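K.L.:
Handing you a structure now.
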């Protein structure tokens with residue numbers, strides 16, 4: 001069932017299913033995806049009596065900013081505060097959080113800074129918190145820079161105009177590049193691509209990929225949170241990290257690298273034949289990881 005609720009600076013549209021008294025689970029999508037990435041995961045968890053919430057992030061689908069004056073920020077701190085506001089609006093003191101890409105970043109930040117709100121955590125890729133001061137000045141290895149070509153494209157006005165004019169074709173290209181082993185149908189893509197027609201999609205996306213390199217200003221409301229995130233805080237809550245072996249944008253980091261940032265129980269798994277869109281490509285493994293982190 002799709003419904004909406006005012007939470008912080010947003011009117012959040014979300015899918016909810018499962019018994020009201022079940023353990024709450026929040027499933028958070030990334031870019032350029034939407035709530036349909038979790039269709040099979042949510043069905044499986046709801047059938048096992050979880051209360052499953054799958055929100056459209058800011059700038060996606062039917063989620064809307066409440067005020068024209070709110071900056072269309074896609075920065076990491078904004079996404080995390082959106083999750084906190086949604087938990088508050090839903091009356092959830094704690095929940096199991098699961099996400100990848102933007103959604104994993106939001107979930108990881110909440111777990112790092114407000115661990116009392118997180119019963120367990122599932123992440124795609126690895127440690128998700130950005131070190132923006134370092135990213136702004138220190139280039140990565142050439143292979144990593146090549147993988148992030150789209151981010152550098154978004155740094156210029158040509159890239160912004162390109163996303164605005166060709167958002168569906170552009171995002172479909174990213175799906176293909178990032179998940180080379182996943183042969184999705186036109187219908188599958190179309191179901192998600194409608195979410196990119198949100199009137200704030202382009203502004204929110206462009207701000208995200210400029211801000212993470214120090215090329216766009218903070219929303220002042222989140223400046224203190226960004227200061228805390230620059231210290232790369234550890235994550236102490238029980239966590240499962242899933243990585244797609246065929247991910248075309250995020251290189252598999254390996255358990256040794258990932259484990260440095262996790263001070264609580266951690267399980268790390270690489271999924272063969274899986275790309276970047278982990279919950280949609282490997283729904284059974286993702287649902288199992290969430291079950292593992294239920295209270």
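In full-length UniProt numbering, the protein residues as written are 1 to 295.
Cβ coordinates follow ideal geometry from the N, Cα and C atoms, glycine included.
Nothing here was measured: the structure is a model prediction, and the numbers come from that model.
Using 8 Å as the Cβ pair cut-off and three pairs as the minimum, do the region 7-22 and the region 79-87 touch?
P.N.:
yes
K.L.:
Taking one C-beta from the region 135-145 and one from the region 67-80 each time, how about it: are there three or more such pairs within less than 8 Å?
P.N.:
The region 135-145, when compared against the region 67-80, does not touch it at the 8 Å Cβ threshold.
K.L.:
In chain order, which alpha helix (DSSP H) runs of at least 4 residues are fully inside the region 37-92?
P.N.:
39-47 and 76-90
K.L.:
Candidates 75, 270, 25 and 160: which alpha carbon is nearest residue 291's?
P.N.:
Residue 291 sits at position 291 when you count from the first residue of the chain shown. Among 75, 270, 25 and 160, the Cα nearest to that of residue 291 is on 25.
K.L.:
Quick check for students: name the residue ranges of the alpha helix (DSSP H) that lie wholly in the region 185-211, counting only runs of 4 or more.
P.N.:
Taking only runs of at least 4 residues, the alpha helix (DSSP H) segments lying wholly in the region 185-211 are 186-193 and 201-211.
K.L.:
Can you tell me which of 237, 246 and 271 puts its alpha carbon nearest to the alpha carbon of residue 262?
P.N.:
Walking along the chain shown from the start, residue 262 turns up at place 262. The residue with the shortest Cα to Cα distance from residue 262 is 237.
K.L.:
Could you name the residues of the same chain whose beta carbon sits closer than 6 Å to that of residue 175, not counting the 5 residues immediately before and after it, in chain order?
P.N.:
As a working note, residue 175 is residue 175 in the chain shown. Correct list: empty, nothing qualifies.
K.L.:
Can you list, in chain order, the stretches of the beta strand (DSSP E) that have 3 or more residues and sit fully within the region 144-180?
P.N.:
Counting only runs of 3 or more, we get nothing.
K.L.:
Give, in chain order, every unbroken run of the alpha helix (DSSP H) that is at least 4 residues long and sits entirely within the region 257-287.
P.N.:
278-281
K.L.:
Is the separation between the beta-carbon of residue 52 and that of residue 16 shorter than 8 Å?
P.N.:
Here residue 52 refers to the residue found at position 52 when the chain shown is read from its first residue. Here residue 16 refers to the residue found at position 16 when the chain shown is read from its first residue. Cβ atoms of residue 52 and residue 16: closer than 8 Å.
K.L.:
Report yes or no: is there a C-beta of chain C within less than 8 Å of the C-beta of residue 83?
P.N.:
Annotation note: the requested chain C is absent from the structure, which comprises a single protein chain.
K.L.:
Terminal residues of the continuous alpha helix (DSSP H) containing residue 106?
P.N.:
As a first step, residue 106 is located in the chain shown; it is residue number 106 there, counting from the start. That run of the alpha helix (DSSP H) goes 102-113.
K.L.:
Around the Cβ of residue 257, are there at least 16 other Cβ atoms within 10 angstroms (buried) or fewer (exposed)?
P.N.:
As a working note, residue 257 is residue 257 in the chain shown. Around the Cβ of residue 257, a 10 Å sphere holds fewer than 16 other Cβ atoms; the residue is exposed.
K.L.:
Quick check: the Cα distance between residue 14 and residue 152, rounded to an integer number of angstroms?
P.N.:
The residue given as residue 14 occupies position 14 in the chain shown. The residue given as residue 152 occupies position 152 in the chain shown. For residue 14 and residue 152, the distance between alpha carbons rounds to 31 Å.
K.L.:
DSSP state of residue 299, grouped into three classes?
P.N.:
Absent from the structure is residue 299, since the part of the chain shown begins at 1 and ends at 295.
K.L.:
Could you tell me whether the region 28-43 touches the region 89-104, where touching means 3 or more Cβ pairs closer than 8 Å?
P.N.:
Put simply, the region 28-43 touches the region 89-104. At least three CB pairs are less than 8 Å apart.
K.L.:
How long is the line joining the alpha carbons of residue 38 and residue 244, rounded to whole angstroms?
P.N.:
Stepping through the chain shown from its first residue, residue 38 is reached at position 38. Stepping through the chain shown from its first residue, residue 244 is reached at position 244. Going from the Cα of residue 38 to the Cα of residue 244 covers about 16 Å.
K.L.:
Are three or more beta carbon pairs between the region 194-202 and the region 44-64 nearer than 8 Å?
P.N.:
yes
K.L.:
Please determine if the region 159-178 and the region 89-97 are in contact, where contact requires at least 3 C-beta pairs separated by less than 8 Å.
P.N.:
Contact fails between the region 159-178 and the region 89-97, because fewer than three Cβ pairs, one in each stretch, are under 8 Å apart.
K.L.:
Residue 294 and residue 120: beta carbons closer than 8 Å?
P.N.:
Counting from 1 along the chain shown, the entry for residue 294 is found at position 294. Counting from 1 along the chain shown, the entry for residue 120 is found at position 120. Yes. Within cutoff.
K.L.:
Around the Cβ of residue 231, are there at least 16 other Cβ atoms within 10 angstroms (buried) or fewer (exposed)?
P.N.:
Taking the first residue of the chain shown as position 1, residue 231 is located at position 231. Only exposed fits residue 231, as fewer than 16 other CB atoms lie within 10 angstroms of its CB.
K.L.:
Tell me whether residue 225 sits in a helix, a strand or coil according to DSSP, three-state version.
P.N.:
Translated into the one-based positions of the chain shown, residue 225 becomes position 225. Helix.
K.L.:
Mind checking which residues open and close the alpha helix (DSSP H) that includes residue 132?
P.N.:
Residue 132 sits at position 132 when you count from the first residue of the chain shown. It spans 132-135 - the alpha helix (DSSP H) in which residue 132 sits, taken as one unbroken run.
K.L.:
Checking 8 Å against the spacing of the C-beta atoms, do residue 177 and residue 77 come in under that value?
P.N.:
Along the chain shown, read from residue 1 onward, the residue named residue 177 stands at position 177. Along the chain shown, read from residue 1 onward, the residue named residue 77 stands at position 77. The answer is no: Cβ separation not under 8 Å.
K.L.:
Any idea which residues DSSP pairs residue 5 with across the strands?
P.N.:
As a first step, residue 5 is located in the chain shown; it is residue number 5 there, counting from the start. Bridge partners of residue 5: 12.
K.L.:
Taking residue 215 as part of the beta strand (DSSP E), name the residues at either end of that continuous run.
P.N.:
Start at 1 with the first residue of the chain shown, and residue 215 comes out as number 215. Element bounds for residue 215: n/a, residue is neither H nor E.
K.L.:
Under the three-state reduction of DSSP, which class applies to residue 95: helix, strand or coil?
P.N.:
Sequence index remark: in the chain shown, residue 95 carries index 95 (1-based). Strand, per DSSP.
K.L.:
May I have the straight-line CA-CA distance separating residue 278 from residue 157, to the nearest angstrom?
P.N.:
Numbered from its first residue, the chain shown carries residue 278 at position 278. Numbered from its first residue, the chain shown carries residue 157 at position 157. Using only the alpha carbons, I get a separation of about 31 Å.
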